[in-house]
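Notes for the one structure printed next.
This is the structure we're talking about:
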């Protein structure tokens with residue numbers, strides 16, 4: 000069907016696999032990995048083909064995949080001299096598959112639009128592959144997995160919530176607690192001691208819940224942040240602060256509600 | 000096995016069914032509806048057994064459910080004299096099933112922790128049914144379905160995002176755009192004209208994208224909010240504002256990146 004000798008460009012799927020539990024994968028993500036020729040898997044260590052995203056997905060598969068695995072190294076570093084060449088290589092590896100006409104499914108922990116390695120590929124791929132067809136498949140993210148675990152809704156009615164990396168956003172907290180009903184602090188680990196002091200000052204310590212490894216077998220939920228010893232703190236943890244002063248009808252006192260209902 | 004004559008209390012599942020597309024349902028939600036004796040379905044109109052959550056779920060089922068349907072009326076009203084008696088009745092209907100020992104699966108559009116009718120049940124049920132076992136199953140929410148559609152990530156690296164109902168939060172916008180990289184305005188419909196003026200003042204109109212009915216067959220994505228005529232505006236729409244000044248490595252200029260990589 001093609002007039003040139005080169006095959007048509009393959010399609011690219013960016014697939015979220017959810018926060019950790021394999022049964023939180025969606026039907027669409029399963030469908031796309033089954034249709035792909037190549038499954039592109041990010042890994043943190045150059046010399047080890049291991050990936051949490053792959054473990055999550057593998058647990059959801061009813062049968063082994065036909066797709067070939069393509070491991071991509073995304074170093075855990077803030078040094079551009081380390082990350083940039085690795086990202087460039089990951090892009091080249093994907094482009095080579097796409098140009099050979101193969102459909103590639105890139106998988107990522109959580110959701111592709113929320114603190115995902117997918118951002119790095121998206122920044123480079125459309126320019127490298129003009130005309131590339133990309134489908135981003137959303138997933139369950141920690142943003143809703145955490146409140147499902149704590150059983151404290153994020154927002155209702157007139158309420159507002161925000162998501163802030165603890166490492167960069169902690170100085171905003173006194174302002175945020177004025178304006179938001181729920182605050183999710185991600186990557187909270189190292190900041191816990193500082194956060195405990197600040198929440199005590201703000202008289203909000205009892206509104207905060209710590210969750211690590213949500214929805215996995217290693218899940219931890221700690222309601223008293225002061226009880227967290229340094230050794231217990233996980234880097235991949237979140238703190239949900241639930242203030243919720245704008246609950247609408249639910250926020251009113253029982254008396255006010257009864258009166259309103261009788262008006 | 001029970002010493003008393005009354006059966007053990009049934010379990011309650013609060014199940015998100017995702018933003019609209021049936022294949023964005025998770026394996027866990029499907030598993031739970033298949034195990035439930037009763038499927039509790041919220042409806043907006045008292046005299047019509049219709050529900051978007053049910054339509055989404057039904058499209059994901061491989062076979063008809065054995066569970067009996069229990070329709071619950073959640074009026075679209077801010078008047079407590081209308082909503083409170085209806086919510087109370089919904090709680091009573093669910094409690095009757097649980098007390099008869101039946102497992103109930105309550106389904107909800109999107110995710111149960113984000114602007115869901117589930118909040119109203121959660122506020123009353125634990126008190127009405129001491130010892131009730133509740134499982135909240137998170138789902139794909141519009142919060143990530145919207146950026147999957149626009150293909151603009153919400154956050155990366157040091158970035159922060161927030162979710163605000165347009166009807167209550169628009170006056171905060173000048174402050175929010177200073178502190179957040181992405182802002183999702185939900186229930187944006189009626190506020191669009193006001194929002195367009197405000198975004199023009201802030202010189203951010205080109206950073207905003209309007210999305211209605213995300214992931215469904217009726218999906219609309221409008222990049223120029225000025226082109227939205229009053230008749231085109233959907234009540235259930237969202238506006239994603241993407242500023243993203245804290246992109247980390249990705250936010251640097253190509254020159255700065257090249258220099259950093261060579262350092």
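Chains as they are written, first to last, in the numbering used here: chain D, 0 to 262; chain W, 0 to 262. Beta carbons are placed, not taken as given, at the ideal position from N, Cα and C, and that holds for glycine. Every value quoted in this text rests on a predicted model; they were computed, and no experiment measured them.
Is the stretch 37-57 of chain D touching the stretch 66-82 of chain D in the sense that three or more CB pairs, one from each, lie closer than 8 Å?
Taking 8 Å as the limit for Cβ pairs, the verdict is that the stretch 37-57 of chain D does touch the stretch 66-82 of chain D.
Kindly list, in the order they appear in chain W, the residues whose Cβ is closer than 8 Å to that of residue 168 of chain D.
Going along chain W in sequence order, the residues near residue 168 of chain D (Cβ under 8 Å) are 159.
Which residues in the same chain as residue 31 of chain W place their Cβ atom closer than 8 Å to its Cβ, once the five residues preceding and following it in sequence are excluded?
Hits under 8 Å: 12, 14, 104, 134 and 136.
What are the residues that DSSP puts in a beta bridge with residue 72 of chain D?
Looking at the DSSP assignment, residue 72 of chain D forms a beta bridge with D:42.
Within 10 Å of its beta-carbon, does residue 200 of chain W have 16 or more other beta-carbons around it, so buried, or fewer, so exposed?
Flag for residue 200 of chain W reads exposed.
What does DSSP give as the partner residues of residue 133 of chain W in its beta bridges?
Residue 133 of chain W is bridged to W:11.
For residue 197 of chain W, collect the residues of the same chain with a Cβ closer than 7 Å to its Cβ; drop the 5 residues on either side in sequence, then sort them by chain order.
The residues are 169 and 172.
Run the CB neighbour count on residue 239 of chain W, radius 10 Å, all protein chains shown included, and call it buried at 16 or more, exposed below.
Answer is buried; the Cβ neighbour count reaches 16.
Could you check which residue in D:164, D:152 and D:243 has the C-alpha nearest to that of residue 187 of chain D?
Among D:164, D:152 and D:243, the Cα nearest to that of residue 187 of chain D is on D:164.
Can a CB atom of chain W be found closer than 8 Å to the CB of residue 176 of chain D?
No - not a single Cβ of chain W is within 8 Å of the one on residue 176 of chain D.
Anyone know if the C-beta pair for residue 115 of chain W and residue 18 of chain W falls short of 8 Å?
The answer is no: Cβ separation not under 8 Å.
Which residues of the stretch 97-119 of chain D have a Cβ closer than 8 Å to any Cβ of chain W? Give them in chain order.
Against chain W - using a Cβ distance shorter than 8 Å - the residues of the stretch 97-119 of chain D are 110, 111, 112, 113, 114, 115, 117, 118 and 119.
Which chain D residues sit within Cβ distance under 9 Å of residue 264 of chain W?
In the structure displayed, chain W extends from 0 to 262; residue 264 of chain W sits before or after that span and is not available.
At 3 residues or longer, and completely inside the stretch 190-220 of chain W: list those beta strand (DSSP E) runs for me, N to C.
Counting only runs of 3 or more, we get 207-211.
Please state the DSSP three-state secondary structure of residue 86 of chain D.
It is helical.
Rounded to the nearest angstrom, what separates residue 142 of chain D and residue 183 of chain D at their Cα positions?
For residue 142 of chain D and residue 183 of chain D, the distance between alpha carbons rounds to 7 Å.
Is it right to say residue 234 of chain D is buried, meaning 16 or more other beta carbons lie within 10 angstroms of its own, or is it exposed?
It counts as exposed.
What's the C-alpha gap between residue 167 of chain D and residue 154 of chain D?
If you take the alpha carbons of residue 167 of chain D and residue 154 of chain D, they lie about 23 Å apart.
Answer yes or no: does any C-beta atom of chain W fall closer than 8 Å to that of residue 215 of chain D?
So, not an interface residue.
Using the C-alpha atoms, what's the distance from residue 132 of chain W back to residue 87 of chain W?
Looking at the two C-alpha atoms, the distance is approximately 20 Å.
Which residue wins for smallest C-alpha separation from residue 222 of chain W, given the options W:29, W:189 and W:208?
For residue 222 of chain W, the nearest C-alpha among the options comes from W:208.
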